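A.B. asks:
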Amino acid sequence: MSFENFIACIEMQREVWQFSDLDITPLRSFVITRNNGGFTLGAFAENDGRLLGFAHALAAFDDQRQAFYYSQMLAVAPELHNSGIGMALKLAQRQRAVERGIPLMVWTFDPLQSRNAHLNIIKLGGVVRTYKVNYYGRYSTSTLHRGLDTDRLLVEWWVSSPRVNAIATSGKIENPPNPIATVEVPFDIEQIKERNLEEACAWQLKIRNAFEQHLAAGLYCAGFVRGTAEQPSQYLFYEDQEQL
Ligand SMILES: CC(C)(COP(=O)(O)OP(=O)(O)OC[C@H]1O[C@@H](n2cnc3c(N)ncnc32)[C@H](O)[C@@H]1OP(=O)(O)O)[C@@H](O)C(=O)NCCC(=O)NCCS
101 MSFENFIACI EMQREVWQFS DLDITPLRSF VITRNNGGFT LGAFAENDGR
151 LLGFAHALAA FDDQRQAFYY SQMLAVAPEL HNSGIGMALK LAQRQRAVER
201 GIPLMVWTFD PLQSRNAHLN IIKLGGVVRT YKVNYYGRYS TSTLHRGLDT
251 DRLLVEWWVS SPRVNAIATS GKIENPPNPI ATVEVPFDIE QIKERNLEEA
301 CAWQLKIRNA FEQHLAAGLY CAGFVRGTAE QPSQYLFYED QEQL
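The sequence shown begins at 101 in the working numbering and counts up by one.
(1) Fully enclosed by the stretch 225-308, which beta strand (DSSP E) runs are 3 residues long or longer?
(2) Within this structure, are the beta carbons of Asp-210 and Leu-253 separated by less than 9 Å?
(3) What span of residues does the beta strand (DSSP E) with Leu-141 cover, start to end?
(4) Got a sec: does ligand 1 put a non-hydrogen atom nearer than 8 Å to the Cβ of Asn-217?
(5) Return yes when at least one heavy atom of ligand 1 lies under 8 Å from the C-beta of Ala-175, else no.
(6) If you follow the alpha helix (DSSP H) that Ala-217 is in, where does it begin and where does it stop?
(7) Is it right to say Phe-103 is buried, meaning 16 or more other beta carbons lie within 10 angstroms of its own, or is it exposed?
(8) For a test of your reading of the model: does the CB of Phe-144 fall under 8 Å from any non-hydrogen atom of ligand 1? Yes or no.
(9) Could you tell me how far apart the beta carbons of Pro-178 and Val-255 are, in whole angstroms, since I believe they sit closer than 8 Å?
(10) Please report how far the alpha carbon of Arg-263 lies from the alpha carbon of Lys-306, in whole angstroms.
(11) By how many angstroms is the C-alpha of Arg-114 removed from the C-alpha of Glu-298?
(12) Apart from the five residues just before and just after Ser-333, which ones in its own chain have a Cβ nearer than 8 Å to its Cβ?
(13) Pair every Cβ in the stretch 164-179 with every Cβ in the stretch 190-204, then say whether three or more of these pairs are closer than 8 Å.
(14) Can you list, in chain order, the residues of its chain whose CB lies under 8 Å from that of Glu-339, leaving out five sequence neighbours each side?
(15) Going by Cα to Cα distance, which pick from Ala-302, Glu-294, Gln-341, Arg-128 is closest to Leu-315?
(16) Report the rounded CA-to-CA distance for Phe-154 versus Arg-165, giving the unit in angstroms.
(17) For Phe-337, name the three-state secondary structure that DSSP assigns.
(18) Rounding to the nearest angstrom, what Cα-Cα distance links Ala-144 and Ile-273 in this structure?
(19) Starting from Ser-129, trace the alpha helix (DSSP H) in both directions and tell me its first and last residue.
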């Protein structure tokens with residue numbers, strides 16, 4: 101990506117997350133990432149070349165020095181949400197990981213966000229085995245957080261697994277049969293946050309407790325049922341880890 105495109109990514113962070121400048125990933129971080137094994141991919145308009153979305157991934161390694169990618173940001177211009185650009189950016193990230201022989205990409209998302217869960221688990225085939233309580237503390241300047249704890253699910257995306265390979269050819273996964281447990285999440289948490297912050301907090305605590313209980317029992321999340329305005333969505337939990 102060019103410097104100009106990195107600047108466009110900075111503008112998009114402001115627009116998508118409504119961060120103050122303190123929380124914005126700056127130009128120098130994009131450059132450092134590019135020069136040290138990470139990469140940033142953009143989606144661009146065909147007519148005028150403007151940035152429509154971007155995905156930014158860092159090079160990382162675990163305690164055994166196994167390399168993986170940490171996908172730090174995925175953002176799409178708000179007026180273009182739900183038109184497949186996020187999915188296309190993730191598939192381009194996957195292609196890069198496969199080409200480089202990196203088997204795993206991870207990232208976090210807010211468990212209260214049904215759309216992100218649908219994208220990460222059903223459209224991309226990610227699985228969740230880790231719940232992070234108040235991951236960034238309460239210091240975020242994003243208006244999207246509205247004073248809630250910044251709880252996060254850690255998505256593991258095993259890019260060459262049969263599960264993820266199937267997605268690359270057929271578009272999305274079918275939920276595996278016979279979940280052992282389910283956890284409900286509102287279809288539209290933003291509406292609840294606007295209406296009643298206490299209700300949003302109660303949802304957060306309920307989902308946190310349920311995830312902690314199921315993960316501690318050795319279950320993992322590998323399924324998701326998208327709800328409707330009237331019906332909450334659901335995370336699905338399984339016992340054996342054959343979806344990894
Ligand atoms: C998350 C984000 C990058 C997704 O990009 P996108 O281009 O909208 O994603 P896609 O269109 O590929 O996929 C969105 C899916 O969610 C579905 N969806 C929309 N609202 C939903 C809801 N409330 N519950 C479940 N699924 C929902 C869409 O229908 C679509 O699925 P489909 O193709 O099966 O119909 C984008 O919404 C965004 O920029 N959000 C704000 C920043 C953010 O949350 N980034 C990710 C965490 S760092």
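Note that the Cβ used here is the ideal one computed from N, Cα and C, for glycine as well. Quantities reported herein were computed from a predicted structural model and do not represent experimental measurements.
C.D. replies: The answer reads as follows:
(1) 227-232, 252-258, 281-285
(2) Numbered from its first residue, the sequence shown carries residue 210 at position 110. Numbered from its first residue, the sequence shown carries residue 253 at position 153. Going by C-beta atoms, Asp-210 is nearer than 9 Å to Leu-253.
(3) In the sequence shown, counting from the first residue as 1, residue 141 sits at position 41. From DSSP, the beta strand (DSSP E) with Leu-141 extends over 139-144.
(4) On the sequence shown, residue 217 is found 117 positions in, with the first residue counted as 1. Per the sequence shown, the amino acid found at residue 217 is Ala instead of Asn. Yes; taking the cut-off as 8 Å, the Cβ of Ala-217 has a heavy atom of ligand 1 nearer than that.
(5) Start at 1 with the first residue of the sequence shown, and residue 175 comes out as number 75. Indeed, a heavy atom of ligand 1 lies less than 8 Å from the Cβ.
(6) Along the sequence shown, one-based indexing puts residue 217 at 117. Start and end: 214-217.
(7) What you label residue 103 is simply residue 3 of the sequence shown in a count that begins at 1. By the 10 Å Cβ count, Phe-103 comes out exposed.
(8) Here residue 144 refers to the residue found at position 44 when the sequence shown is read from its first residue. Phe-144 Cβ: outside cutoff for every heavy atom of ligand 1.
(9) The residue labelled residue 178 in the question sits at position 78 within the sequence shown. The residue labelled residue 255 in the question sits at position 155 within the sequence shown. The pair is not a contact, with the Cβ atoms about 22 Å apart (cut-off 8 Å).
(10) Here the question's residue 263 lines up with position 163 in the sequence shown. Here the question's residue 306 lines up with position 206 in the sequence shown. Answer to the nearest angstrom: the Cα atoms are 29 Å apart.
(11) By 1-based counting over the sequence shown, the position of residue 298 is 198. By 1-based counting over the sequence shown, the position of residue 114 is 14. The straight-line gap from Cα to Cα measures roughly 27 Å.
(12) Indexing the sequence shown from 1 puts residue 333 at position 233. Closer than 8 Å at the Cβ level, and outside the excluded window around Ser-333, lie Ser-214, Ala-217, His-218, Glu-284, Val-285, Pro-286, Phe-287, Phe-324, Val-325, Arg-326, Gly-327.
(13) yes
(14) Translated into the one-based positions of the sequence shown, residue 339 becomes position 239. Cβ within range, chain order: Ile-280, Gly-318, Leu-319.
(15) In the sequence shown, residue 315 corresponds to position 215, counting from 1. The residue with the shortest Cα to Cα distance from Leu-315 is Gln-341.
(16) Along the sequence shown, read from residue 1 onward, the residue named residue 154 stands at position 54. Along the sequence shown, read from residue 1 onward, the residue named residue 165 stands at position 65. Rounded to whole angstroms, Phe-154 to Arg-165 spans 28 Å at the Cα level.
(17) Translated into the one-based positions of the sequence shown, residue 337 becomes position 237. Residue state, collapsed to three classes: strand.
(18) Start at 1 with the first residue of the sequence shown, and residue 144 comes out as number 44. Start at 1 with the first residue of the sequence shown, and residue 273 comes out as number 173. Here the sequence assigns Phe to residue 144, which means Ala is not the residue at that position. The alpha-carbon atoms of Phe-144 and Ile-273 are separated by roughly 27 Å.
(19) Translated into positions along the sequence shown, residue 129 becomes position 29. Segment 127-134, the alpha helix (DSSP H) holding Ser-129.
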